[in-house]
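Right, one structure below, let's go through it.
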């Protein structure tokens, strides 16, 4: 199936911003936006960014009123040294799309090759036609390698060209003071510490202002033909590598730029590491890495492809989304997945619950090693989460930060930040899912149980018994249009699940060994776990007798319903047009909240209650968050409303490709991408992983001919193919296994199973 | 009775800070802290302040997350030009308390003369003893006049003295980054626009950076004996008036400093006004103003004295408090009463509900003209309050700002700021009280009804019907340790009262004329008022059947009780040691909330419910706010718990005089001062003013011999004397009137009435 996206890019500001994001190259470690090599016109809003996952500085975040415990500084992902700038002169005239006629301007993303390509053909004012072709790759084989292949063709003339390839340390972060989702103040938090040039290779070591981190970037070039060349210093800690060459008509000249990144989070001696790695990659040569890239992606697709027949656009969009998840996710256990991946500065590179609830499910099912690395990151920030719990007044336990890079809470407005305690439940849920899908008890023993225990300890300290049962007060659920409420249905379900599983896992560990070490290390024992079990059993879940639905929280149904029909279109998303206190007073939801609980904790309610609630919340949800429609789709599918399931997925797969939220320029929406995957796999195919094992309940959307996907389950590789008349399960690899399909157990052996 | 406070001031940093506040001179228009004329030692924390009520600049107040509608700038009271600095040299040696032996250092506040006096006698290192006496006055007769009389006595020597009297424009506001109740960043928002010297008089006109205001200060001197004098410019827009004189042993030399203030809020042409007024006051001479001051205060005490026999300290403290209320309150309708009056920069000179709930009751009962001026200020900021209501999403009405100077909302953290909608009810309550006490229907017609209507309109838009009745969701009551709750008992009572009275007053206006004009001007009519009446009748007031008490809000009783006994002493006030979200989750109150409702809206509940609630809230209230114990005292008295009533008043009267909250250096606690008055008048004497008239239910605290107070009621001046065996009511002035005493109506004529 086709996994190549080719697109004409009109030469305008808006298209350029979207293109920078859509065609960015990343590998979970580095990310480089697909900016015009020669630079965008001065007046354009452009985000010229290069990022390292987890590389940040700490900046002040003053509170308007400095109440006790409020966060007063935050981590922010830094835009680091610019290595993508390459300028071209033809007979002294700059290659400038503003000053010529653009004959062609395309971008190609090849998701099998793992590269992007720009082709721009320009008729310059003097009539000369020049075509540049730029291939870019963020290597999956060598995570700190970014490769550019810049080719110039003198199409209809012979002449002198001059190529200036830059390595620039004078960079800033992007700012937009009018959008709370972006940084408001210009940041220049990177300063040059050391520069070095050697054999026309340049090295720049920069350090951050406050976080004590440093990063070295190294650049080397390789030429297709001989040319005059010179490496010159330009400005503070920047280099220009200048090439001069006479081209015959039709001749193509190519310069390959090897860019190596070495940061002090992962390396001691960043300059030494950069020099060594640059030597290695130059010696190996680009083809070595192109090949490695292909092999890596072959394995990736073999484990995770989703093939949709009958709707090529959706198929391609789905592939794009999965590819972006791969590009975005940290794989080294030292970092996570930012809300915008490594594609832009929206949400400042912070990690949210998006990872565990929307992105991890894909990796847990297809690439458990990545899932494990992401969960290990959470394990590593437990000390900071314990500190956070203390700040919030908890005597024990860990409260994960609502948004963070290195573990510290970075949310400035706690009512819709830190108060979202459900992140504790989300992370616990992900640990349990990982365990249920992989059976990796070793991870549970070493890291997973500690996460479960520490998050459960906060539930115990947060909650209290009253006549309703065990209650959780003053928390914020996923829906940020109602904050600081009592007994948010989702949060209480999530806490209940986490508490139950903490005790279950403890019993499993008892049976399988290792519990003595855990008892000693974590000062835990049967008594504490019994209190957890008791609280889980007594957990209050709000239910309204009159409507027969679950209220989102204790008082939700006492508020008036927001007049969505009477709200002007231009007032959406509501958060940009209404004071939070106004929103809090109405029944109006930014996103799936109780509905998400129905997907994750479907056994808590009868089908009828879920059905009635679904219809209720559907009418009052704006889907102002991109994490919403996919959940409505999954639960619609669960409730047998296939058409709704399909409609809610709708164009979500194309959210970024078609820029439907109008902010793709700030970065991709990774959670939505994961959500689209879930809408197909958990929604249409009805896949669930529980203690009882793997189950499926597939249906085929009307307009599709078929769809298939591959997953890993307890060391097996399975393929599920859903066609009009039949569902085919294939055990691609591994030992036989029993799967529940439409409620029937089916033993899957190496022979093909049909149902 | 004695109304003179004389106090030795030890020469140390802490005592100095408290002294600066306690002995400040103010008249509701200007306020000057009682700083050492010669300046405090460099290392001391000193707040060298001069303020004009309502004179402010606008400064940025960045939000950590810029959500829609959040306040991003605030008004802050500016420290203006320093006129109190006077330095002394004796034979070339500076008069410096650090470098000599302090033989005497006292401050005297004479509350009949309306002046403060400093006497400092210093033995300098060369053995010379010099005594300075500084008398200061902020004139009540001429509000923009501040007078200083600086006398030097050469006690045991003859020698040359040099006096330098300063007029300094280079000033900043005080800052303390560690206390949220003070400004965190140093402000220099005043710049010199124009200076002028004329006949040894100096004039400095300054303008603010952002608010567009300007102020001219004018200074003239008068000498007791001839001396050499020179006016010199010193630094940017500052003047020094230098006097040289040889003193014989025992000789006293006095320089009188006339300081005039003219601001652009009240004057067009501030320099011209300042020149004219300076001429006038110099011509009239100081004695003219001393006399006027005495007469003014004679009238004041005649209308408002509270005389306590049997406890001189409490008597003096009570007098001090009433005097401070007079000093603090704006009287020109253009300003109000800052939380710290004009005595310091705590809370940045902002006006809160403190005015209406704690300070106005005193003026309404004793000096209705001041009450009217303060309420007129609220009327004048209605346009800003309407704007604020719009920001909060209300279609109609006005929402008064939680804290402000010129009408704009200045609270940076809305959950315990703007969300305190009860301020609307508080202001409405004060309007109604003013009407009930004075019968001033003219004010109601012109201003009062509009306040009632506009605040009621917000209640209607804020609230909604649900099965409980008419409910008010997501508001914060007076107790800031629980924020954004549903159906705060106090708020709902307050809204109910406001709605009821809006309709009552409307009927009264109908009967008394003027309603047609109001209908047209405010687009109001019977229909709208009927909906208000209906909502008031349906207003939900939370009540717990099991405990038989009123919960502070819908979910208050479902939270665990804070372990006050187990909280370390140094963790109070809790707000400085616990994250707000921690506090919100517990039953713990910063201050009287439901209990305040019992005082103001005592007819809503039976005595039994109030009694049980009282006992309940008593156990969980920290009184971290200075607005709390006085309310507990009043309600204890109401419930017949006389001992508790007395105990809760306790040392509250001395809060500032004895610096019991350890922050008097930042300014006086005006609301507490008003609260102490109420504890006696409304508490011990049981005074109430309702539609039925004036009623009393007095008791005498055991340790007192008697107490008396004077009030104005419907143009009568009354004196109430409570002694062991009897209560004496005197109609000092005005026509006969019926008063209810202990439930019996008593007709009070010019003859003395006994009961």
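Residue numbers (this note's numbering), protein chains in the order written: chain A, 334 to 1088; chain B, 334 to 1088. Backbone N, C-alpha and C define an ideal beta-carbon position, used for all residues, glycine too.
Residue 612 of chain B to residue 499 of chain B span [Cα, whole Å]: Position 279 of the second chain, counted from the start, is the residue given in the question as residue 612 of chain B. Position 166 of the second chain, counted from the start, is the residue given in the question as residue 499 of chain B. C-alpha of residue 612 of chain B to C-alpha of residue 499 of chain B: approximately 19 Å in a straight line.
Cutoff 8 Å: residue 316 of chain A Cβ touching any chain B Cβ: Outside the displayed span of chain A (334 to 1088) sits residue 316 of chain A, for which this structure offers no information.
Chain A contact for residue 918 of chain B (CB, 8 Å cutoff): For this step, residue 918 of chain B is matched to residue 585 along the second chain. Yes, because at least one Cβ of chain A sits closer than 8 Å to the Cβ of residue 918 of chain B.
As assigned by DSSP and simplified to three states, the class of residue 404 of chain A: Walking along the first chain from the start, residue 404 of chain A turns up at place 71. Under the three-state reduction of DSSP output, residue 404 of chain A falls in the coil class, being neither helix nor strand.
Residue 1071 of chain B beta carbon less than 8 Å from that of residue 1055 of chain B: For the purposes of this step, residue 1055 of chain B is identified with residue 722 of the second chain, where counting begins at 1. For the purposes of this step, residue 1071 of chain B is identified with residue 738 of the second chain, where counting begins at 1. In this structure, residue 1071 of chain B does not lie closer than 8 Å to residue 1055 of chain B by Cβ.
Rounded straight-line distance, which links the Cα of residue 672 of chain B to that of residue 680 of chain B: Start at 1 with the first residue of the second chain, and residue 680 of chain B comes out as number 347. Start at 1 with the first residue of the second chain, and residue 672 of chain B comes out as number 339. Roughly 7 Å between the two C-alpha positions.
is_contact[residue 396 of chain A, chain B] using C-beta, thresh 8 Å: Position 63 of the first chain holds residue 396 of chain A. By this cut-off, residue 396 of chain A is an interface position.
Reference residue 983 of chain B; option with closest CA among B/896, B/764, B/1010, B/1003: Within the second chain, numbered from 1, the residue matching residue 983 of chain B stands at position 650. Proximity to residue 983 of chain B across B/896, B/764, B/1010, B/1003 peaks at B/1010, based on C-alpha coordinates.
8 Å Cβ cutoff met for residue 824 of chain B and residue 810 of chain B: Sequence index remark: in the second chain, residue 824 of chain B carries index 491 (1-based). Sequence index remark: in the second chain, residue 810 of chain B carries index 477 (1-based). Yes, Cβ-Cβ distance for residue 824 of chain B and residue 810 of chain B is below 8 Å.
Span separating the alpha-carbon of residue 713 of chain A from that of residue 399 of chain A: Against the first chain, residue 713 of chain A aligns to sequence position 380. Against the first chain, residue 399 of chain A aligns to sequence position 66. Answer to the nearest angstrom: the Cα atoms are 29 Å apart.
Pairwise C-alpha distance: residue 742 of chain A and residue 650 of chain A: Stepping through the first chain from its first residue, residue 650 of chain A is reached at position 317. Stepping through the first chain from its first residue, residue 742 of chain A is reached at position 409. Spanning the two alpha carbons is a distance of roughly 34 Å.
Proximal residues to residue 996 of chain A (C-beta, below 6 Å), its chain only, five neighbours per side dropped: Locating residue 996 of chain A in the first chain gives position 663, counting from the first residue. Nothing meets the Cβ criterion.
Alpha carbon of residue 561 of chain B to alpha carbon of residue 588 of chain B, nearest angstrom: Start at 1 with the first residue of the second chain, and residue 561 of chain B comes out as number 228. Start at 1 with the first residue of the second chain, and residue 588 of chain B comes out as number 255. About 12 Å.
Continuous alpha helix (DSSP H) assignments of at least 4 residues falling wholly in the stretch 926-985 of chain A: Fully enclosed alpha helix (DSSP H) runs of 4 or longer: 927-933, 940-951, 962-971, 975-982.
Contacting positions in the stretch 746-767 of chain B - beta carbon closer than 9 Å to chain A: Answer in chain order: 746, 747, 748, 749, 750, 751, 752.
Cross-strand partners of residue 877 of chain A (DSSP beta bridge): To locate residue 877 of chain A, count along the first chain from 1; it is residue 544. Answer by DSSP bridge pairing, in chain order: A/882.
Sequence-distant residues of the same chain with beta carbon closer than 8 Å to residue 993 of chain A, five excluded per side: Here residue 993 of chain A refers to the residue found at position 660 when the first chain is read from its first residue. Closer than 8 Å at the Cβ level, and outside the excluded window around residue 993 of chain A, lie 984, 987.
Partner residues on chain B for residue 726 of chain A, Cβ-Cβ distance less than 7 Å: As a first step, residue 726 of chain A must be located in the first chain, where it is residue number 393. Within chain B, the residues whose beta carbon sits less than 7 Å from that of residue 726 of chain A are 911, 912, 915, listed in sequence order.
Residue closest to residue 859 of chain A, alpha-carbon to alpha-carbon, out of A/837, A/758, A/413: Taking the first chain and counting its residues from 1, the one referred to as residue 859 of chain A is at position 526. In this structure, A/837 is the residue among A/837, A/758, A/413 with its C-alpha nearest to the C-alpha of residue 859 of chain A.
8 Å Cβ cut-off: residues of chain B touching residue 893 of chain A: What you label residue 893 of chain A is simply residue 560 of the first chain in a count that begins at 1. Per Cβ cutoff of 8 Å: 797.
Min CB distance residue 402 of chain A to chain B below 8 Å: The residue given as residue 402 of chain A occupies position 69 in the first chain. Yes, because at least one Cβ of chain B sits closer than 8 Å to the Cβ of residue 402 of chain A.
Opening and closing residue of the beta strand (DSSP E) in which residue 922 of chain B lies: Sequence index remark: in the second chain, residue 922 of chain B carries index 589 (1-based). Here residue 922 of chain B belongs to no beta strand (DSSP E), and DSSP marks it neither H nor E.
Secondary structure of residue 670 of chain A, DSSP reduced to three states: One-based indexing of the first chain puts residue 670 of chain A at position 337. Coil at residue 670 of chain A, not helix or strand.
Chain B within 8 Å of residue 804 of chain A, Cβ atoms only: The residue you call residue 804 of chain A lines up with position 471 of the first chain. With 8 Å as the cut-off, residue 804 of chain A counts as an interface residue toward chain B.
Assigned exposure category for residue 920 of chain B - 16 Cβ within 10 Å defines buried: The residue labelled residue 920 of chain B in the question sits at position 587 within the second chain. Burial check for residue 920 of chain B: the Cβ neighbour count within 10 Å reaches 16 or more, so the residue is buried.
Residues that residue 283 of chain A contacts on chain B, provided the C-beta gap is smaller than 8 Å: This structure leaves residue 283 of chain A out entirely; chain A is present only between 334 and 1088.
Cα-Cα separation, residue 426 of chain B to residue 579 of chain B: Taking the second chain and counting its residues from 1, the one referred to as residue 426 of chain B is at position 93. Taking the second chain and counting its residues from 1, the one referred to as residue 579 of chain B is at position 246. Rounded to the nearest angstrom, the two C-alpha atoms are 14 Å apart.
Enclosing beta strand (DSSP E) for residue 1114 of chain A [first to last residue]: This structure cannot speak to residue 1114 of chain A, because chain A is shown only from 334 to 1088.
CB contact check: residue 908 of chain B to chain A, cutoff 8 Å: One-based indexing of the second chain puts residue 908 of chain B at position 575. Closer than 8 Å to some Cβ of chain A, the Cβ of residue 908 of chain B qualifies, so yes.
Contact list for the stretch 728-742 of chain A against chain B, Cβ threshold 9 Å: Within the stretch 728-742 of chain A, no residue qualifies.
Chain-order list of residues whose beta-carbon lies under 7 Å from that of residue 935 of chain A (same chain, five-residue window excluded): Residue numbering aside, residue 935 of chain A sits at position 602 when the first chain is read from its first letter. Here residue 935 of chain A has 971 as same chain residues with Cβ atoms under 7 Å from its own Cβ, once five neighbours each way along the sequence are excluded.
CB contact below 8 Å: residue 801 of chain A versus chain B: For this step, residue 801 of chain A is matched to residue 468 along the first chain. By the rule that beta-carbons nearer than 8 Å mark a contact, residue 801 of chain A touches chain B.
Beta-carbon proximity list for residue 1045 of chain A, same chain, < 7 Å, skipping 5 on both sides: Here residue 1045 of chain A refers to the residue found at position 712 of the first chain. 636, 698, 699, 701.
Proximal residues to residue 533 of chain A (C-beta, below 6 Å), its chain only, five neighbours per side dropped: If you number the first chain from 1, residue 533 of chain A lands on position 200. Its chain contains 564 as the residues whose beta carbon lies nearer than 6 Å to that of residue 533 of chain A, once the 5 sequence neighbours on both sides are disregarded; these appear in chain order.
Complete runs of the alpha helix (DSSP H) confined to the stretch 721-777 of chain B [at least 4 residues]: 755-771, all fully within the stretch 721-777 of chain B.
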